[in-house]
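See structure below.
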Amino acid sequence: MRRICLISLLMSFFVIGGISGETYDNAACGCAFELPSGWSVDSSIMDILIIKDELSDSADITVAKYYLERDSQINSEEALVEAIAGLYQEIGIKSANRGTIGYSIDGATAVFVAEFKSHDVQTDIIRHNKLKGVLARLASDKQALYLITASAAPDIFEKIRPRIDTLMNSFTITAPLADELYSRRSFMPYLMILLVIALTALFYSRNRRVQKSRNPLGKDSGSFWRCASCGLVNHIDSNNCNRCGREKIAADKIKKSWLSLL
């Protein structure tokens with residue numbers, strides 16, 4: 498009995514040793530994952546990591562990072578479901594139903610996983626595919642979508658499934674994240690609009706009071722003159738009335754008479 502247990506334990510060590518490798522960390526993409534032994538990473542293309550199996554090249558495994566434009570960012574759970582459904586339809590998952598799409602949200606990230614079959618037209622081979630998507634809001638307030646995809650012939654896929662699962666399950670985002678997945682709506686633009694309206698009303702009412710006052714600025718009225726034709730208060734530096742264009746020289750005498758009445 499002990500011998501059987503020992504053999505089982507040794508076999509488990511061999512299996513784990515064949516799958517587990519080292520942690521691969523890519524600062525440029527802001528992500529890390531467990532890289533199974535015998536696999537390597539080609540990072541020559543920006544924001545795309547190509548995983549290569551040294552023993553076989555019949556499997557296509559990639560990790561790609563995409564930034565969402567600000568106008569296209571996901572800011573609600575309904576929008577998240579719509580985006581996932583749209584992605585599934587684009588890659589050929591015709592049975593994607595918005596009511597049955599599975600996903601999970603944890604803080605600033607949302608995760609969804611799907612498996613599906615596809616037909617390679619060039620080779621006329623049916624391929625089994627697995628997709629893991631991770632949507633994250635970064636500390637910079639940008640939204641990034643990470644897509645980890647694996648594709649191979651069904652029999653090959655099943656052979657390397659444990660390695661694929663190891664890579665996908667260990668995937669983490671190392672870039673600084675925000676507190677929440679959805680950005681909080683900023684009311685600053687509305688506050689600025691209200692502020693402009695308030696200031697406009699304030700200056701308008703103040704200007705109306707000044708124009709109707711016989712003594713616009715109290716003791717500083719010597720710096721202003723009132724047009725004899727239209728009654729507009731003008732600054733002393735203005736040689737002509739800003740409303741009717743009457744010359745200041747012709748209005749100076751009238752101005753003195755105005756001040757004598759104050």
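Heads up, the sequence shown is in our numbering, so the first residue is 498 and it goes up one at a time. Glycine is no exception: its CB is placed at the ideal position from the N, C-alpha and C atoms. It should be emphasised that the depicted structure is a prediction, and the values quoted were computed from it without experimental measurement.
**Q.** Same chain, Cβ closer than 6 Å to Pro673, neighbours up to 5 away in sequence not counted
**A.** Ala636
Q.
If the criterion is Cβ atoms closer than 8 Å, does the pair Gly527 and Ile645 meet it?
A. no
Q. By the 10 Å Cβ neighbour count, where 16 or more other Cβ atoms means buried, how is Lys656 classified, buried or exposed?
A. exposed
(Q) Can you give me the C-alpha to C-alpha distance between Lys549 and Leu678, rounded to a whole angstrom? (A) 32 Å
Q | Residues that Gln586 bridges to, as DSSP identifies them | A | DSSP output for Gln586 lists no bridge partner at all.
(Q) For Gly518, tell me which candidate among Gly742, Ala725, Ile733 and Pro659 has the shortest Cα-Cα distance. (A) Pro659
Q: Would you mind sorting Ile623 into buried or exposed? The rule is 16 or more other CB atoms within 10 Å of its CB.
A: exposed
Q. Out of Asp638, Gly742, Ser667 and Lys614, which has the shortest C-alpha to C-alpha gap to Glu566?
A. Asp638
Q. Are at least three pairs of beta-carbons, each pair with one atom in the segment 532-550 and one in the segment 558-578, less than 8 Å apart?
A. yes
Q: Report yes or no: do three or more beta-carbon pairs, one from the segment 614-621 and one from the segment 591-601, lie closer than 8 Å?
A: no
Q. What span of residues does the alpha helix (DSSP H) with Thr663 cover, start to end?
A. Pro651 to Asn666
Q: For Gln640, count neighbouring C-beta atoms within 10 Å of its own C-beta (all shown protein chains included) and say buried if the count is 16 or more, exposed if not.
A: buried
Q: May I ask you to report which of helix, strand or coil DSSP gives Asp617?
A: strand
Q. Taking buried to mean at least 16 other C-beta atoms within 10 Å of its own C-beta, is Met543 buried or exposed?
A. exposed
Q) Just to confirm, are Ser680 and Gln586 a CB contact at a threshold of 8 Å? A) no
Q: Measuring alpha carbon to alpha carbon, tell me which of Ala524, Tyr521 and Glu531 ends up nearest Asn666.
A: Glu531
Q: For Glu575, decide whether its Cβ has a neighbour in chain B, counting only Cβ atoms nearer than 8 Å.
A: Protein chains in the displayed structure number just one, and chain B is not present.
Q.
Give me, in chain order, the residues of the same chain whose beta-carbon lies closer than 8 Å to that of Asp749; leave out the 5 immediate sequence neighbours on both sides.
A. With a pLDDT of only 48 at Asp749, under the threshold of 50, the placement of this residue in the model should not be trusted, and no figure is reported.
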